[in-house]
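Some notes on the structure that comes next.
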Amino acid sequence: MNKLISIFASAYAATTSIILVVVVTLAAELSAPFKAWLAGFTGHHWVTKSWVALVAYILVFGYLKLTVKSAAESQTRASIFRLEMATVLGFVIILGFYLYEFFKH
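Per my numbering, the very first residue in the sequence shown carries number 154; after that it's consecutive.
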């Protein structure tokens, strides 16, 4: 079942990364100083967000891979479902935000 633990941990790590990217993207668009602060690390806020997402994924995956002793197939399927929902909701939230910003002017 080691394979299920890896899938479970990866799905949770990816979900965490998606949520983090959505939150940081919205925060950066609403706060110019925050966007500039992000850009200060790598030269561009997008690159910094990518690094933050990668680090978050690695940390969450590593933590879960080391601490979760077993993952049932039902738990793994649930974590994949949450990943799918986070992906769709993240897309809708960011698209909705940018559409709102575009049409409000």
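Glycine included, C-beta positions come from ideal geometry on N, C-alpha and C. Source: prediction; values computed, not measured.
{"Asked": "Tell whether a beta-carbon distance below 9 Å holds between Phe214 and Ser163.", "Found": "yes"}
{"Asked": "Could you round the C-beta distance between Ala225 and Thr169 to whole angstroms and report it? I think they count as a contact, below 8 Å.", "Found": "21 Å between Cβ atoms; not a contact."}
{"Asked": "Can you list, in chain order, the residues of its chain whose CB lies under 8 Å from that of Thr240, leaving out five sequence neighbours each side?", "Found": "Ile171"}
{"Asked": "Kindly indicate the opening and closing residues of the alpha helix (DSSP H) around Ser184.", "Found": "No alpha helix (DSSP H) contains Ser184, which DSSP labels as neither H nor E."}
{"Asked": "Under three-state DSSP, which class holds Gly243?", "Found": "helix"}
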